[in-house]
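One structure is given here, and the rest of the page talks about it.
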DNA sequence: CGCATAGTGTTACCTTGTAACATGGAGACC
DNA sequence: GGTCTCCATGTTACAAGGTAACACTATGCG
Ligand SMILES: [Zn+2]
Ligand SMILES: [Zn+2]
Ligand SMILES: [Zn+2]
Ligand SMILES: [Zn+2]
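Chains as they are written, first to last, in my numbering: chain A, 1 to 159; chain B, 1 to 159.
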């Protein structure tokens, strides 16, 4: 089993690498990782869980970084548009990307018990979907693949 | 190309078959297809488009069938729980099922131009996803597969 | 300096969804 | 027939998610 959000790991490294990676990519691409944006990314990175925009906003407010919804939404727009975070449609919530750098549209695995979210490769499901769609004359541009179930740890403790 | 929401078809038959099928299944399963529930199903069946709960509620209100959000949500809960309608997570909206009867969890194809929604088989994408998830020790219980793109008609007119 | 562009602050509002409690109606049971 | 129970509905009141629009500020550039 490869290392994911679900398996024990050095999570401090997740955070620092996530931020570093964002800093690096922004520098290369001429994007501005402003304090608000950076802080929102850090907040998302704290845990491998999806967070609602208002939950994030509360944190920003406590820290004096902004108090109105658009502040949070704008930062989240920036992060998702540039691949540093993803939106989980099912949850109306956001999660930090764990593969920043690769150009990717992952599938999400959402644990219904502990709420942790992991990304996994969606190439195969996506290809299968595109194939099925082609048969109907539909051209797929983007696809969201979001699975709910139990993560390894919660599976274990359930049995 | 098989017949779908996207291709020209006798849509009157879609509506009447949709309702008949629901009536039949409810009778068999001992479920109550009450006036509100039936009417919501009919409204959803009118077009192969996803409708928001409040859009449906407006219709119910006009017709004197209910005026407060819970009325619409409860009917929609009933319909989705029993497979007569589906919720489209991406759109926070609902669409009538076009395969009522089969036990199925379809993938959705959403046209970004004309907003029509079609269902397609998701067995293959789902299987591919379950496979990928298994590698991470995650057990998939339900998965939403929602694709956005262009339907045959809109593809044609775009080119 | 003067200007353009991009990000932030704020107001005000809209949309989506639900908890909680009261009411009504149909069948089960005596 | 009465009454109990279950389920659906009616209603209030609010929580949660999301955005348009406009004013302001910082920053870089000719
Ligand atoms: Zn981690
Ligand atoms: Zn879990
Ligand atoms: Zn039809
Ligand atoms: Zn279309």
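Here a beta-carbon is modelled for each residue, glycine too, at the ideal position from N, C-alpha and C.
- Here the distance from the Cβ of residue 153 (chain A) to the nearest heavy atom of ligand 2 is below 7 Å.
- DSSP places residue 150 (chain B) within a strand segment (E or B) once states are collapsed to three.
- Chain-ordered listing is empty here: chain B has no CB closer than 7 Å to the CB of residue 114 (chain A), the nearest sitting near 12 Å.
- Pairing residue 154 (chain B) with residue 83 (chain A), the inter-Cα distance amounts to about 29 Å.
- In this structure residue 120 (chain B) is buried. Its beta-carbon is surrounded by 16 or more other beta-carbon atoms within 10 angstroms.
- Residue pairing from DSSP leaves residue 11 (chain A) without any beta-bridge partner.
- Not one heavy atom of ligand 3 sits closer than 7 Å to the Cβ of residue 86 (chain B).
- Counting only Cβ-Cβ distances below 8 Å, residue 142 (chain A) has contacts in chain B at 147, 148 and 149, in chain order.
- Excluding residues up to 5 positions away in sequence, nothing lies with its Cβ nearer than 7 Å to the Cβ of residue 17 (chain B) in the same chain.
- Under the 10 Å beta carbon count, residue 20 (chain A) is surrounded by fewer than 16 other beta carbons and is classified as exposed.
- Residue 118 (chain A) places its beta carbon 8 Å or farther from that of residue 41 (chain B).
- By a beta-carbon distance limit of 8 Å, residue 15 (chain B) does not contact residue 60 (chain B). Their separation comes to about 18 Å.
- Listed as beta-bridge partners of residue 119 (chain A) by DSSP are A:108.
- Each of B:49, B:105 and B:110 was checked against the Cα of residue 125 (chain B), and the nearest Cα belongs to B:105.
- In the three-state DSSP reduction, residue 157 (chain B) falls in the helix class (H, G or I).
- Counting the other Cβ atoms within 10 Å of the Cβ of residue 34 (chain B) gives fewer than 16, which makes it exposed.
- Look at residue 131 (chain B) here: in three-state DSSP terms it is helix.
- Assignment of beta-bridge partners to residue 50 (chain B) by DSSP yields no partner.
- Here the alpha carbon of residue 3 (chain A) sits roughly 11 Å from the alpha carbon of residue 11 (chain A).
- For residue 57 (chain B) and residue 27 (chain A), the gap between their C-alpha atoms comes out near 49 Å.
- In the DSSP annotation of this structure, the continuous segment of the beta strand (DSSP E) that includes residue 87 (chain A) starts and ends at 85-88.
- Per DSSP, reduced to three states, the secondary structure at residue 100 (chain A) is coil, with no helix or strand assignment.
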